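In the working numbering, each residue carries its 1-based index in the sequence shown increased by 128. Following: one structure in structure tokens, then a few remarks.
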Amino acid sequence: MFAVLYAVWALPETILIRHICLITGALFGLYEIFQFRDLLFRKLNGANLAVWILAGLFAWASLHLIFLSTDFSLQLEEFSSIWKRTALGAIFALGLGLALSSQSPQKHKYYWPLFYLGLLAPTLIYLLKYFLTYYGQRWGVNAPEYLKLHYGSLPFYLPKTAYVCFCLPTLAVALGQLKLNIGRHVWLCWGNLIYGLTIPAVFFVFYGENIKNGVIYGAFLVSVFAIQLFLLDFKKHWIKKTLLAIVLLVAGVSFITNHIQKNESWRTLTSDAKIALDTQRYDQWKFNGAKGYPNNDLG
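What follows is the structure, given as structure tokens:
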């Protein structure tokens, strides 16, 4: 259920599938929470404190709507859409976590490939769309519109923020799994190959869609991974770790340099940031484009 939901959440025209997965997952989650309710009502610890903090957040949102709202109709619309889906997702996630924690480690080996496939699905879907959009006709493939990339106010357009939200966590998980395997001195395995290929695949998405913050966040994650890997028990396999760190460094610098050279918006980043920070002088952000957009000092 999670794999399907994560795969289609950002895709347009999938609201029915999303709602079915989300509601069904939340119902199963409630059942699991009830089964393990004693864990939540024990003495506060690191395991259940986060759950109660999250519950407090939803309680505060409810109280704010009832007693402190300044525009009740607008906030009720937000509460019944965004907050409702967030609550269902939280119940789903908590129930899934409790259910998985009760399973034996042997069963985790069977669940993990499906779980990771769900995480990887948004990236794979983008790659499929990209190649069908730019190479489909050359290959003699007449792809339907929903399997092509669209930009602007088109039915199957997907905003850049969706790619960051759904591809960046996959990169983080892949790097974490690589670090875990290398820490166990497991270097050559199919899992590491898949996790390793995930890294350029995610950056390809950010490069193809010209997502600057995705590139920055991804580079930060890879840098943290390389530093931790280099410092983790350095005496063991230090040659392999050094070579891997060098490969990541060279590949990362080459990728970012090429992206900056081919993307003029990087050159105006500082000028754009000055305008973005001066919200009093440049108030166009309040009008959703109705008053046009400000020009930076480069014009």
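Note that the Cβ used here is the ideal one computed from N, Cα and C, for glycine as well. Remember, predicted model here, so these are calculated numbers, not experimental data.
Exercise for the section: Would you please verify whether the beta carbon of T214 is less than 8 Å from any beta carbon of chain E? Expected result: Absent from the structure is chain E; it holds one protein chain and no more.
Problem - Host alpha helix (DSSP H) of V314 (start-end) - result: Working through the sequence shown from its first residue, we reach residue 314 at position 186. Note, V314: premise wrong, no alpha helix (DSSP H); not H, not E.
Exercise for the section: Look at A154 and I253 and say whether their C-beta atoms are less than 8 Å apart. Expected result: Taking the first residue of the sequence shown as position 1, residue 154 is located at position 26. Taking the first residue of the sequence shown as position 1, residue 253 is located at position 125. I253 is positioned such that its CB atom lies no closer than 8 Å to that of A154.
Handout entry: Residue environment, G280, which counts as buried when at least 16 other CB atoms sit within 10 Å
Key = Taking the sequence shown and counting its residues from 1, one reaches residue 280 at position 152. Under this definition G280 is an exposed residue.
Exercise for the section: Mind listing, in chain order, the continuous alpha helix (DSSP H) runs of no fewer than 4 residues lying wholly within the region 182-263? Expected result: Taking only runs of at least 4 residues, the alpha helix (DSSP H) segments lying wholly in the region 182-263 are 200-206, 212-229, 233-263.
Exercise for the section: Using alpha carbons as the reference points, say which of G319, L286, L349 lies closest to Y258. Expected result: Taking the sequence shown and counting its residues from 1, one reaches residue 258 at position 130. Selected option, being the one with the closest Cα: L286.
Handout entry: Per-residue burial, G157 [other beta carbons within 10 Å of its own, 16 or more giving buried]
Key = By 1-based counting over the sequence shown, the position of residue 157 is 29. Counting every other CB atom within 10 Å of its CB across the protein chains shown gives G157 a total of 16 or more, marking it as buried.
Handout entry: Other residues of its chain near F294: CB distance less than 6 Å, five sequence neighbours each side excluded
Key = In the sequence shown, residue 294 corresponds to position 166, counting from 1. The answer, listed in chain order, is A138, P250.
Practice task
Just confirm the distance between the C-beta atoms of T298 and L247, as a whole number of angstroms; I'd bet it's less than 8 Å.
Solution key: Reading the sequence shown from its first residue, position 170 is the one you call residue 298. Reading the sequence shown from its first residue, position 119 is the one you call residue 247. Right, their Cβ atoms sit about 5 Å apart.
Practice task
Have a look at K235, Q305, M129, F164 and flag the residue whose alpha-carbon is nearest the alpha-carbon of H147.
Solution key: Here residue 147 refers to the residue found at position 19 when the sequence shown is read from its first residue. Taking the Cα of H147 as reference, the smallest distance to any Cα among K235, Q305, M129, F164 is reached at M129.
Problem - Where T142 falls: helix, strand or coil (DSSP) - result: Here the question's residue 142 lines up with position 14 in the sequence shown. Assignment of T142 by DSSP, reduced to helix, strand and coil, places it in the coil class.
Handout entry: Unbroken alpha helix (DSSP H) run spanning L359, endpoints
Key = Counting from 1 along the sequence shown, the entry for residue 359 is found at position 231. For L359, the enclosing alpha helix (DSSP H) stretches over residues 340-359.
Practice task
Check whether the region 310-325 touches the region 262-277, counting contact only when three or more Cβ pairs, one atom from each stretch, lie closer than 8 Å.
Solution key: Using a Cβ-Cβ distance cut-off of 8 Å, the region 310-325 and the region 262-277 are not in contact, since fewer than three pairs of beta carbons, one from each stretch, lie closer than that value.
Practice task
Please report the residue range of the alpha helix (DSSP H) in which P283 lies.
Solution key: Against the sequence shown, residue 283 aligns to sequence position 155. For P283, there is no enclosing alpha helix (DSSP H), since its DSSP letter is neither H nor E.
Problem - Buried/exposed call for V375, threshold 16 Cβ in 10 Å - result: By 1-based counting over the sequence shown, the position of residue 375 is 247. For V375, the number of other beta carbons within 10 angstroms of its own is below 16, and it is reported as exposed.
Practice task
Report buried or exposed for I344, applying the criterion of at least 16 other Cβ atoms within 10 angstroms of its Cβ.
Solution key: The residue you call residue 344 lines up with position 216 of the sequence shown. Exposure of I344 is indicated by the presence of fewer than 16 other C-beta atoms within 10 angstroms of its C-beta.
Problem - P296 and G336 closer than 8 Å at C-beta - result: Here residue 296 refers to the residue found at position 168 when the sequence shown is read from its first residue. Here residue 336 refers to the residue found at position 208 when the sequence shown is read from its first residue. Going by the sequence as given, residue 296 is Leu instead of Pro. Result no, Cβ atoms of L296 and G336 do not sit closer than 8 Å.
Practice task
Consult DSSP for F169 and reduce its assignment to one of helix, strand or coil.
Solution key: Mapped onto the sequence shown, residue 169 falls at position 41. Note: F169 maps to coil in three-state DSSP.
Practice task
Tell me whether A329 is buried or exposed, calling it buried when 16 or more other Cβ atoms sit within 10 Å of its Cβ.
Solution key: Residue numbering aside, residue 329 sits at position 201 when the sequence shown is read from its first letter. The Cβ neighbour count for A329, taken over all protein chains shown within 10 Å, is at least 16; the residue is labelled buried.
Handout entry: Residues of its chain near T161, where Cβ-Cβ distance is below 8 Å and the 5 sequence neighbours each way are ignored
Key = Along the sequence shown, one-based indexing puts residue 161 at 33. Before going further, note that residue 161 is Ile rather than Thr in the sequence given. So the qualifying residues of the chain are L168, I219, L222, G223, L226.
Practice task
Drop a sphere of 10 angstroms on the beta-carbon of V333, count the other beta-carbons inside from all chains shown, and report buried for 16 or more, exposed for fewer.
Solution key: Locating residue 333 in the sequence shown gives position 205, counting from the first residue. Buried, because 16 or more other Cβ atoms sit within 10 Å of the Cβ of V333.
Handout entry: Beta-carbon gap between A300 and L349 smaller than 8 Å
Key = The residue labelled residue 300 in the question sits at position 172 within the sequence shown. The residue labelled residue 349 in the question sits at position 221 within the sequence shown. Yes, they are a contact pair.
Handout entry: Chain-order list of residues whose beta-carbon lies under 8 Å from that of L255 (same chain, five-residue window excluded)
Key = As a working mapping, residue 255 is identified with position 127 in the sequence shown. Excluding residues within five positions, the ones whose Cβ falls inside 8 Å are A329, F332, V333.
Practice task
Using 10 angstroms around the beta-carbon of I310, count the other beta-carbons present and answer buried if the total reaches 16, otherwise exposed.
Solution key: Residue 310 sits at position 182 when you count from the first residue of the sequence shown. Counting the other Cβ atoms within 10 Å of the Cβ of I310 gives 16 or more, which makes it buried.
Problem - Three-way DSSP call (helix, strand, coil) for E337 in this model - result: Numbered from its first residue, the sequence shown carries residue 337 at position 209. Reduced to three states, the DSSP call for E337 is coil.
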